[in-house]
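Numbering (UniProt numbering), first residue to last: 1 to 86.
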């Protein structure tokens with residue numbers, strides 16, 4: 001008579017774990033997703049109103065300007081805040 005060293009349910013689980021430890025199947029490639037771009041809501045609002053975004057950095061922080069269709073240039077953030085109640 002043959003003695004079982006490992007109970008049947010544990011042997012099945014061990015076989016599944018051993019199969020899962022392998023690398024990717026031959027012929028498959030893995031690619032990392034491209035990082036998502038950060039979107040500035042003020043710049044989007046400027047473009048949505050027909051303006052043109054002028055990228056600016058002030059004191060190390062983003063401070064985009066918005067050139068409106070009528071020729072005025074305003075802060076994109078101020079434009080967004082003036083038309084949206086928080």
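Ideal Cβ placement from N, Cα and C applies to all residues, glycine included.
Enumerate, from N- to C-terminal direction, the unbroken beta strand (DSSP E) stretches of 3 or more residues contained entirely within the region 38-67.
52-54 and 65-67
Nearest to residue 62 by CA position, among 50, 70 and 77, is which residue?
77
For residue 69 and residue 51, the rounded distance between their alpha carbons
6 Å
Cβ-based neighbour list, residue 43, same chain, cut-off 6 Å, excluding 5 preceding and 5 following
53, 64 and 76
How far does the alpha helix (DSSP H) with residue 92 in it extend, from its first residue to its last?
What is shown of the chain runs 1 to 86, which leaves residue 92 out entirely.
Contact set for residue 67: own chain, Cβ-Cβ below 7 Å, skip 5 residues either direction
51, 52, 54 and 73
Using a Cβ-Cβ cut-off of 7 Å (strictly less than) and excluding sequence neighbours within five positions of residue 40, which residues of its own chain qualify?
62 and 64
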